[in-house]
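To convert, note that position 383 of the sequence shown is 383 in the UniProt record's numbering; the numbers rise steadily by one, no gaps. All C-beta atoms, glycine included, are put in the ideal place defined by N, C-alpha and C. In what follows, a structure is listed as structure tokens, so that the remarks can point back to it.
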Amino acid sequence: MPFLYVRVVRAKDLPCKDGSENCNYYVEAKVGNFRRITRHLNNKASLEWNQVFTFSKDLNHAYNLEVAVKNKDCTKEETAGVVLFDLNEIPDRVPPDSPLAPQWYRLEDRQGNIVGEVMLAVWIGTQADEAFPEAWHFDTASISDGGLVNLRSKVYVSPKLWYVRVNVIEALDLQPSDKTRFPEVFVKVVLGNQALRTKISQNRAMNHMWNEDLMFVAAEPFEDQVVITVEDKVGPNNDVVMGKVAISLQNVEKRLDCKTMKSKWYDLEKTEASDHNVQKKKKKKELNLSSRIHLRICLEGGYHVLNESTNYSSDLRPTAKQLWEPSIGVLELGILGAQGLTSMKTKDGRGTTNAYCVAKYGQKWIRTRTVVDSFTPKWNEQYTWEVFEPCTVITIGVFDNCQLQGGEKTAITRDSVIGKVRIRLSTLESDKVYIHSYPLIVLDSSGLKKMGELQLALRFTCLSLLSMLNIYLQPLLPKMHYLHPLSVPQLDMLRHHSMQIVSMRLGRAEPPLRREVVEYMLDVGSHMWSMRRSKVNFFRIIGSLKGLIAAVKWFNSICNWKFPVLTVMIHILVAILVLFPELILPSIFLNLFFIGIWKYRWKPRHPPYMDTQLSLADVVPCDELGEEFDTFPTSQPPHIVKLRYDRLRSVAGRIQMVVGDLAAQGERIQSLLSWRDPRATAVFLIFCLIAATVLYVIPMRVVALLTGFYILRHPSLRQEVPSVIFNFFRRLPAKPDCLL
């Protein structure tokens with residue numbers, strides 16, 4: 001995208017009518033109907049602005065650039081002097097050329113007299129110019145100074161996250177506050193906003209043992225301490241602190257593998273009141289040397305800290321940089337523009353949208369500049385990431401900037417969501433440029449909305465094909481996830497805390513990447529219950545079994561002789577495979593090879609994106625959408641909650657019946673040898689004895705051939721009633737009759 005750049009450096013020898021040295025000067029750059037002004041300077045002796053303005057060449061219909069120095073203190077804000085530039089004569093500059101050196105230009109008043117000089121640099125460049133991020137764009141004239149900071153494009157880096165493992169082993173010589181009862185002792189560990197506790201010790205003496213692992217998440221730089229308290233559960237909601245110790249994470253060792261770390265003893269600090277008269281005053285702390293706690297604390301560098309959904313993670317590397325493998329490629333993303341964006345708010349009685357993009361891959365977040373008041377914004381910004389794992393996902397979101405007016409009210413206003421796109425890198429061919437427009441779709445409580453289209457350019461460059469193929473053979477997660485796996489509830493809890501830490505840290509940047517933006521990009525609410533998602537997952541299971549179901553139907557048609565010629569050919573094929581069993585596996589793999597070659601012509605030409613039909617987003621009832629986007633805990637009136645609860649009970653009842661039927665089939669198989677039905681078990685054992693004798697006498701090939709021909713027999717030789725085996729199996733006992 002070509003831009004006209006104007007750098008205003010300084011001015012000198014400017015006149016002032018009243019002879020004062022404190023004239024209020026500023027510079028105005030104007031191209032056609034677009035203008036930008038510098039800040040105002042009151043000191044005539046030091047007129048230095050050093051500001052850069054940009055004007056889009058696509059919007060310029062004028063022939064001249066006018067740079068005027070004006071004095072605001074004059075009665076009618078008179079112009080001190082003007083410099084004119086012919087736009088056709090302005091030089092081009094393309095990086096990596098050095099920046100254009102500013103020059104002194106003479107200022108002329110209306111009569112053509114020289115009234116001073118101004119130092120300027122004017123050139124034609126693109127958004128790749130190093131001055132572009134700091135430039136004041138032509139479309140920001142109506143933005144207040146407090147909101148200008150939220151316009152610029154920025155690159156953010158997620159904080160480095162560590163798992164903190166606290167192994168609570170034992171505590172010695174604890175002094176209970178009430179010696180007339182057996183203490184119910186547990187250990188509470190707090191790290192920032194995270195708090196976990198051990199089970200209550202079963203020991204009734206002064207020494208207590210737990211040997212429990214508690215997992216937390218911490219981010220560099222480490223700001224919080226691990227606070228460990230030993231407490232006695234005296235009664236409901238009444239826990240008495242028996243001792244306390246605070247440990248700085250700066251002093252905690254880092255573990256990169258599964259080796260056992262050294263444990264340490266820590267003295268517990270006890271808080272006591274000195275006497276009854278000063279009990280209401282501040283409690284003093286004294287070191288109780290007789291009470292100690294045995295801990296093993298380490299920072300786990302061998303795990304990958306999950307801070308996004310595992311279904312579309314953008315990074316799977318371990319925390320410790322020493323364990324990283326070399327990168328296998330480079331991902332280049334070009335955010336070109338958007339079309340047909342909907343109006344997100346009203347200004348001066350008309351709709352407007354101030355759109356910007358956020359892209360997230362790995363630890364690197366990028367934010368484009370905000371294009372003000374445009375339904376067809378153009379960014380044309382390019383960013384790159386190193387790729388360490390091809391089976392990862394890049395997420396690009398579009399938002400409406402509501403922070404451009406500055407002030408405290410703006411800080412409370414949330415940026416509105418326009419839509420997002422996810423692209424899996426493994427669906428991209430190497431060294432191929434994909435340029436495509438992706439629909440921006442938002443699903444909220446009011447229904448499905450298309451907010452516009454986002455045009456992207458993508459290229460994934462593979463550095464080594466062998467390294468790429470080797471990645472597909474390696475474990476998806478670091479080894480520690482398999483050597484010392486974390487439980488599913490632990491991972492869910494840690495993921496939630498990780499998301500909170502990332503959103504808090506990025507919200508402290510300048511300009512901040514707002515909390516609602518980070519949570520939308522990380523899909524924080526994806527774990528919440530949704531009737532729509534449950535239906536989607538059910539139909540996904542059916543879709544994954546679609547091929548198997550089609551194969552069963554095809555085989556059933558062969559057995560029923562719907563295609564006699566094909567059935568005869570299958571008879572011949574069965575005879576060949578039985579007589580030459582070494583051809584079975586080669587035939588299967590060769591068949592799969594030809595199926596894959598046949599489907600190549602239907603290969604997707606563009607990376608897949610949000611599918612509204614797969615998501616059932618266009619047919620979901622409004623009541624289910626209201627339930628999906630409800631707050632947690634709910635904010636709906638009781639009668640709505642009752643309706644949803646009754647509907648959930650109905651669905652859960654049907655699921656319960658299906659699970660019960662599956663359990664019954666498994667119990668019937670177990671009952672074959674359990675003698676729960678003595679006659680059925682005796683019949684099965686006699687059958688097993690006869691089958692073993694027959695299979696020992698008759699060659700296996702003959703048995704297989706006869707079995708195949710029996711299955712493929714003509715319909716005239718079949719019965720309409722179920723088979724003997726099916727009838728026998730259905731009569732086997734299950735355990736539903738034993739349930740209450």
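Report yes if the C-beta distance between Asp13 and Gly81 is below 7 Å; otherwise report no. In this structure, Gly81 does not lie closer than 7 Å to Asp13 by Cβ.
What are the partner residues of Leu333, as DSSP defines its beta bridges? For Leu333, which the question treats as bridged, DSSP gives the partners Tyr383, Leu458.
What is the DSSP secondary structure of Val659, counted as helix, strand or coil? Note: Val659 maps to helix in three-state DSSP.
Where do the ends of the beta strand (DSSP E) carrying Glu117 lie? Element bounds for Glu117: 114–125.
Helix, strand or coil: which one does DSSP assign to Thr612? DSSP, reduced to helix, strand and coil, places Thr612 outside both helices and strands of the structure shown, so it counts as coil.
Would you kindly work out how many angstroms separate the C-alpha atoms of Phe709 and Tyr520, rounded to a whole number? Between Phe709 and Tyr520, the alpha-carbon positions lie close to 59 Å from each other.
Does DSSP put Lys360 in a helix, in a strand, or in coil? Here Lys360 sits in strand by DSSP.
Where residue 796 and Gln382 are concerned, what is the direct C-alpha to C-alpha distance, given to the nearest angstrom? Outside the shown range of the chain, which is 1 to 740, sits residue 796, and nothing can be said about it.
Which of the three DSSP states, helix, strand or coil, is assigned to Asn42? Of the three classes helix, strand and coil, the one that applies to Asn42 here is coil, per DSSP.
Give the DSSP-derived three-state secondary structure of Lys283 in the structure shown. Low confidence applies to Lys283: its pLDDT is 44, below 50, so where it sits in the model is not reliable, and the reading given next is rough at best. Note: Lys283 maps to coil in three-state DSSP.
Per DSSP, what are the beta-bridge partners of Gln322 in this structure? Partner(s): none; Gln322 has no beta bridge.
Take Lys347 as the anchor and find which of Cys402, Val358, Lys378 has the nearest alpha-carbon. Here the closest residue by C-alpha is Cys402.
Per the contact definition of three or more C-beta pairs closer than 8 Å, is the segment 442–458 in contact with the segment 634–641? Under the three-pair Cβ rule at 8 Å, the segment 634–641 does not count as touching the segment 442–458.
Three-state secondary structure assigned by DSSP to Asp275: Confidence at Asp275 is low in this model, with a pLDDT of 40, below 50, so its placement is unreliable and the value that follows should be read with caution. Of the three classes helix, strand and coil, the one that applies to Asp275 here is coil, per DSSP.
Under three-state DSSP, which class holds Met504? Met504 falls in the helix class under three-state DSSP.
Using a 10 Å radius around the Cβ and a threshold of 16 neighbouring Cβ atoms, would you call Glu223 buried or exposed? Taking all protein chains in view, the Cβ of Glu223 is surrounded by fewer than 16 other Cβ atoms within 10 Å, so the residue is classified as exposed.
In chain order, what residues of the same chain have a beta carbon less than 7 Å from the beta carbon of Arg181, not counting five sequence neighbours either side? Take Arg181, set aside five residues on each side of it, and no residue of its chain has a beta-carbon closer than 7 Å to its own.
Residue environment, Leu740, which counts as buried when at least 16 other CB atoms sit within 10 Å: Exposed.
Residues bridged to Ala219 [DSSP beta-bridge criterion]: Paired residues: Leu161.
Can the beta-carbon of Ala359 be found closer than 7 Å to that of Ile366? Contact: yes.
DSSP three-state label for Glu308, please. Glu308 falls in the coil class under three-state DSSP.
Could you give the C-beta distance for Trp136 and Arg39, rounded to a whole number, given that I count them as a contact under 8 Å? That belief does not hold up - the Cβ atoms of Trp136 and Arg39 are roughly 10 Å apart, past 8 Å.
Nearest-angstrom Cα distance between Thr567 and Gly543? Taking the straight line from one Cα to the other gives about 28 Å.
Looking at Val52 and Val27, is the spacing between their C-beta atoms short of 7 Å? The Cβ-Cβ distance between Val27 and Val52 does not fall below 7 Å.
Leaving aside the five residues before and after Ile558 along the sequence, list all residues of the same chain whose C-beta is less than 8 Å from its C-beta, in chain order. Closer than 8 Å at Cβ, skipping near neighbours: Leu566, Thr567, Ile570, Leu712.
Starting from Arg515, trace the alpha helix (DSSP H) both ways and give me its first and last residue. Start and end: 515–522.
CB contact flag (Arg414, Glu516, <7 Å): Annotated as proximal: Arg414 and Glu516, with beta-carbon spacing under 7 Å.
With distances taken from CA atoms, which of Cys258, Pro608, Pro99 is nearest Thr395? The residue with the shortest Cα to Cα distance from Thr395 is Pro608.
Inter-residue spacing [alpha-carbon to alpha-carbon] between Asn88 and Val6: Between Asn88 and Val6, the C-alpha separation is close to 15 Å.
With 16 as the cutoff for other CB atoms within 10 Å, does Met119 come out buried or exposed? Burial is judged here by how many other beta carbons sit within 10 angstroms of a residue's own beta carbon; Met119 has at least 16 and is buried.
Alpha carbon to alpha carbon, how far is Leu161 from Ser314? Give it in angstroms, no decimals. Cα-Cα distance, rounded: 15 Å.
Taking Tyr312 as the reference, give the member of Thr392, Ser650, Ala62 with the closest Cα. Checked all of Thr392, Ser650, Ala62; the closest Cα to Tyr312 is Thr392.
For Gly349, which three-state DSSP category applies? Correct three-state label for Gly349: coil.
Assigned exposure category for Gly362 - 16 Cβ within 10 Å defines buried: It counts as buried.
Given 8 Å, three or more beta-carbon pairs between the segment 206–214 and the segment 161–178: In short, these stretches touch, since the Cβ pair count reaches three.
In three-state DSSP terms, what is Gly81? Gly81 sits in a strand when the DSSP states are folded into three classes.
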